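Undergrad: For the sequence shown, our numbering begins at 1256 and goes up steadily by one.
Pasting a structure below so you can have a look.
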Amino acid sequence: MAFKGMNPEEGREVAQGVTEAGSQILELIDGVTQLVNSVEWVGPDYDAYRDEWNSFLSGPVAELVNGLEAKGKELTQHAEEQDVTSNQG
């Protein structure tokens, strides 16, 4: 009979890596945000740019990080289900 399913430990490791990727993205973005906020630029163009940057953070970046966290949790759940299935015999 051919093997079906996943190695649960490997699944958990990958899930952790996916979740950690989201955290790493946040760390990188925090550094870039500090750069954006530190630029010596005054006026409506800067205000507009900063608003666009903040929209980018709360939109696509937040969606990506939340998506990675969700996929990490999903993979962890699959690993737990595989444990249950494998332990049933």
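All residues carry an ideal CB built from backbone N, CA and C; glycine is no exception.
All values derive from a computational prediction rather than experimental measurement.
Using a 10 Å radius around the Cβ and a threshold of 16 neighbouring Cβ atoms, would you call A1317 buried or exposed?
TA: The sequence position of residue 1317 within the sequence shown is 62, counting from 1. By the 10 Å Cβ count, A1317 comes out exposed.
Undergrad: Shortest alpha-carbon distance to S1265 belongs to which of E1324, Q1343, E1335?
TA: If you number the sequence shown from 1, residue 1265 lands on position 10. Note on identity: in this sequence residue 1265 is Glu, with Ser being the wrong assignment. Considering only E1324, Q1343, E1335, the residue with the shortest C-alpha distance to E1265 is E1335.
Undergrad: To test your reading of the DSSP string, which unbroken alpha helix (DSSP H) runs of 4 or more residues are found completely within the stretch 1266 to 1314?
TA: 1299 to 1311
Undergrad: Which residues in the same chain have their Cβ closer than 7 Å to the Cβ of I1284, if we skip the five residues on either side of it in sequence?
TA: Taking the first residue of the sequence shown as 1, we reach residue 1284 at position 29. Answer for I1284: L1312, V1316, listed in chain order.
Undergrad: I'd like the span of the alpha helix (DSSP H) that includes G1332, first residue to last.
TA: By 1-based counting over the sequence shown, the position of residue 1332 is 77. In the sequence on display, residue 1332 carries Gln and not Gly. Residues 1317 to 1342.
Undergrad: On a CA-only basis, which of V1320, Y1304, N1342 is nearest E1282? Give me that one, please.
TA: Residue 1282 sits at position 27 when you count from the first residue of the sequence shown. Comparing Cα positions, the closest option is V1320.
Undergrad: Going by DSSP in three states, G1260 sits in which element: helix, strand or coil?
TA: Looking up residue 1260 in the sequence shown gives position 5. Note: G1260 maps to coil in three-state DSSP.
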